[in-house]
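The structure appears below as structure tokens.
Chains as they are written, first to last, in my numbering: chain A, 55 to 425; chain B, 74 to 424.
Below you can see the structure in the form of structure tokens.
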């Protein structure tokens, strides 16, 4: 894993321009958000996009394939790289000779994983910490309980890395608890830990995967519950891979409320992807309904027409495209397969675009021909 | 009325009093545009006349009972799949179709019942239960290779089984092509939005002008053939991934409202289409072409090769080799032998 802040990867073509952009982006992270002008950020998005095209032949090819007539001038029209591309190629702006951190998408061992190559973790760390302080972990300190494998057990998991980062960068008031060990929920450890933590007054940050929460819930007798201390936060993230059932957010929230005695405002969902360095967070309403996801200023979410990939007006359902300045060493713009609606103060997530409607001889044949 | 006249009458009903209903079914099942649905219905029914039908297929199943299992396929496929066993002489036919996108199948069954055929639809049971319930002389099936193998294994050993899997077409192009040929290629690709068993799934161009052909093909697909039906988000996402993969390989990409064409000047392997009017034009040498089309998958799965311009001769199993613009016509013509031999099990019991 690379060090936090080390610009030694910025050599070769357009390195000087890259160093200048690097300083600008790092400056953005430490500037108060209300001091950041949208027009300056727009310029930075466009500059980084153009620079990445010059640095990476693959990014240039992808941008050329998906660009529109106004891609050079309009931030919203910067073409996004389909997330699938990360499974097929090394999508980044630095030499493979340089040390790197690689985060891999989850999935079965038989599948080809997407790989996010990162030359310098400073961008990831700055973004994750500043955004979490604003939307997820506003208190000075927490006892951390993670429903996820540790970064030692899952060295290529961006989620595990992020959680370890939180535990490392927030003031230490006790050891963090990793509740998933060797791919199993350690129910006994979690029960003991929560028993102890709920008896104290220190806020608890109970963070992990949605399916981790469900597994934990399913392992407990119905009567077992806790009341987390005031100021605590629960963050379920991701989907329901590996469980036999999927839940709506409302169903998951009902489970969390029952088990942990929390109010809606204490549950915060995270939207993140292995292929991104930044995250978005939502805070549900008083009725528990999932709210708007909020992003840091250096992360821009745009809804695009699924067929043409042209930007849509606010309020229209489309595929989400994400621009992320923290992806400076890899790929600024990502085209997701998630459907959503963008509004002035955030975006709503409607779920993954369902699998292609079966038509004719298409699907089985495509699988056959692709082997 | 003999069976040929009955089928012709049923076809006439679909063309006339049931026309609107037939078109609506095709639009829904096939997710076709209105113009595509109209063309597809006309094409499917064209050969269903008393002057043609008696000579269409051998009557080797006279007086027999048959079960027909249909997987999801091109929307008009049920018409041909239903009348073939009837033409072969089947006296009682029971059908189990796909669980969704089966409106046109139901309409065809109802129409054939109206003219006096003994045709019934299975009621919501699994394919296995359908095969195991009651006996029949013959089982006919259409589906993927895996489905065919599964159905064959579930068919009683003393029952004749005949199954047909998926297939695909491709286009072989050379230099000296004319605009009518480009339009013909576009027509073959656009028909059924490229989801048919005869639909071209790649273009292999031997010559110098592959890039020119790719660009002209894109414009023909965008401007001069049927509109593509609106894409569902899932299909759109798959198209973007397919396009990105081609771009990563150095393809020149043409993206439009009705098609995506990628031109690969230096491909290591074929970039097969996923349908929905996506097509890769590969510039290749004779040696590369020979290597690519000699693979067992291509040799066994190719139904039809469409030819453009001056090309080297090619043989691909028993596939038809025809001029572009006519790749889809076997649907309408009889006397066409599917080049892919069916999977057969057991023997036809003679009465």
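We put the CB at the ideal spot given by N, CA and C, even for glycine. Keep in mind the model is a prediction, meaning the values are calculated, not measured.
Check your understanding: Do you know offhand how far residue 111 of chain A's Cα is from residue 72 of chain A's?
Key -> 16 Å
Review point. Roughly how many angstroms separate the alpha carbons of residue 372 of chain A and residue 259 of chain A, rounded to a whole number?
Key: 33 Å
Review point. Looking at the unbroken beta strand (DSSP E) that takes in residue 261 of chain A, where does it start and where does it end?
Key: 258 to 263
**Study point:** Beta-ladder partner(s) of residue 416 of chain B, from DSSP
**Key:** B/236
Point to revise | Rounded separation between residue 85 of chain B and residue 187 of chain B - CA only | key: 12 Å
Check your understanding: Given that residue 409 of chain A touches chain B, what residues does it touch there, using C-beta distances under 8 Å?
Key -> 307
Check your understanding: Taking C-beta to C-beta, are residue 257 of chain A and residue 283 of chain A nearer than 8 Å?
Key -> yes
Practice item. Starting from the beta carbon of residue 316 of chain B, find every residue of chain A whose beta carbon is closer than 7 Å, and list them in chain order. Key: 119
Check your understanding: Given a threshold of 16 other Cβ atoms within 10 Å of its Cβ, counted over all protein chains shown, does residue 388 of chain B qualify as buried or as exposed?
Key -> exposed
Practice item. Determine the direct distance from the alpha carbon of residue 388 of chain A to that of residue 376 of chain A, and round the result to whole angstroms. Key: 5 Å
Practice item. Measure the alpha-carbon distance for residue 75 of chain B versus residue 127 of chain B and round it to whole angstroms. Key: 10 Å
Practice item. Could you work out which residue in B/179, B/323, B/155, B/130 is closest to residue 101 of chain B when comparing CA atoms only? Key: B/179
Practice item. Run down chain A in chain order and give the residues with a C-beta less than 8 Å from the C-beta of residue 304 of chain B. Key: 360, 361
Point to revise | residue 351 of chain B - partner residues in DSSP beta bridges | key: B/333
Check your understanding: With a Cβ-Cβ cutoff of 8 Å, do residue 396 of chain B and residue 248 of chain B count as a contact?
Key -> no
Practice item. Spatial neighbours of residue 308 of chain B within its chain, please: CB distance less than 8 Å, with the 5 preceding and 5 following residues excluded, ordered by chain position. Key: 349
Point to revise | Closer than 8 Å to chain A by CB, residue 321 of chain B | key: yes
Check your understanding: Any C-beta of chain A sitting closer than 8 Å to the C-beta of residue 405 of chain B?
Key -> Because residue 405 of chain B carries a pLDDT of 46, less than 50, the predicted location of this residue cannot be relied on, and no value is offered for it.
Exercise for review: Please go through the same chain and pick out, in chain order, the residues whose beta-carbon is closer than 6 Å to the beta-carbon of residue 365 of chain B, but skip the five residues on each side of it.
Suggested key: 343
Review point. What residue does the beta strand (DSSP E) around residue 275 of chain B start on, and which one ends it?
Key: 273 to 279
Check your understanding: Which residues in the same chain have their Cβ closer than 6 Å to the Cβ of residue 237 of chain B, if we skip the five residues on either side of it in sequence?
Key -> 215, 415
Review point. Measuring CB to CB, does residue 376 of chain B end up less than 8 Å from residue 268 of chain B?
Key: no
Point to revise | DSSP state of residue 315 of chain B mapped onto helix, strand, coil | key: helix
Review point. Can you give the Cα-Cα distance for residue 139 of chain B and residue 151 of chain B, rounded to whole angstroms?
Key: 15 Å
**Study point:** Simplified DSSP assignment, three categories, for residue 408 of chain B
**Key:** Residue placement at residue 408 of chain B is flagged as unreliable, the pLDDT there being 47, under the threshold of 50; the coordinate-derived value follows with that caveat. The answer is coil: DSSP assigns residue 408 of chain B none of H, G, I, E or B.
Practice item. Tell me, to the nearest whole angstrom, how far the beta carbon of residue 197 of chain A is from that of residue 147 of chain A; I am working on the premise that it is less than 8 Å. Key: Going by Cβ atoms, the distance from residue 197 of chain A to residue 147 of chain A rounds to 39 Å, so no, they are not a contact pair.
Exercise for review: Tell me, please, whether the CB atom of residue 131 of chain A is closer than 8 Å to any CB atom in chain B?
Suggested key: no
Exercise for review: Mind listing the chain B neighbours of residue 138 of chain A? Cutoff is C-beta to C-beta under 7 Å, in chain order.
Suggested key: 314, 317
Point to revise | residue 149 of chain B versus residue 263 of chain B: straight-line alpha-carbon distance, rounded | key: 15 Å
**Study point:** the segment 276 to 287 of chain B: positions lying closer than 9 Å to chain A by Cβ
**Key:** none
**Study point:** For residue 286 of chain B and residue 278 of chain B, believed in contact at Cβ under 8 Å, the rounded distance
**Key:** 6 Å
Review point. So what does DSSP say about residue 170 of chain A, is it helix, strand or coil?
Key: strand
Practice item. Using the Cα positions of residue 168 of chain A and residue 363 of chain A, report the straight-line distance between them to the nearest angstrom. Key: 22 Å
Review point. Can you find at least 3 beta carbon pairs, one from the segment 189 to 199 of chain B and one from the segment 163 to 179 of chain B, that sit closer than 8 Å?
Key: yes
Review point. Can residue 113 of chain A and residue 180 of chain A be called in contact, C-beta distance under 8 Å?
Key: no
Check your understanding: Which residues in chain A sit within 9 Å of residue 326 of chain B, going by Cβ to Cβ distance?
Key -> 115, 118, 119, 120
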